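In this note's numbering, the protein residues as written are 8 to 137. Idealized CB from N, CA, C, for every residue including glycine. What you are looking at is a predicted structure, and each value in this text was computed from that prediction instead of being measured.
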Ligand SMILES: [Zn+2]
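Spelled out as structure tokens, the structure:
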């Protein structure tokens, strides 16, 4: 039942990233991973990010973005591997904003956590002073 007096608060949609996995994204801890690895023998950098509940040290199902892989030495690879803390804060803030305004009602993956929004957040962060 909906209490009309609470209508000023934005009620989360059925977006799985907002209501799923028991993670409250507004207070979740942000983690960003960029690591060198190999794909088909080629050096690549694997990049993804996730949100963990603050009291959950070994979360089994954190809110995780889609992982993407870029060639080693590419601009995005360099941005990911040398991401300063100021950039990480900006990336986290952008991903949080994306998820909190996500209108999706998908049962599975939230498009706000696809690899493209993460890529954009990395690029936006790099365009700002750290
Ligand atoms: Zn969503």
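Any non-hydrogen atom of ligand 1 within 7 Å of residue i CB
i	result
residue 128	no
residue 56	no
residue 124	no
residue 35	no
residue 118	yes
residue 111	yes
residue 22	yes
Host beta strand (DSSP E) of residue i (start-end)
i	result
residue 41	36-46
residue 76	75-78
Residue range of the unbroken alpha helix (DSSP H) whose run includes residue i
i	result
residue 82	82-88
residue 123	122-133
residue 97	92-107
Beta-bridge pairing of residue i - partner residues as DSSP gives them
i	result
residue 50	45
residue 70	58
heavy atom of ligand 3 below 7 Å from residue i C-beta
i	result
residue 105	Ligand 3 is not part of this structure, which contains only ligand 1.
Can you confirm whether the region 82-97 touches the region 34-45 when touching is taken to mean that 3 or more C-beta pairs between the two stretches lie within less than 8 Å? yes
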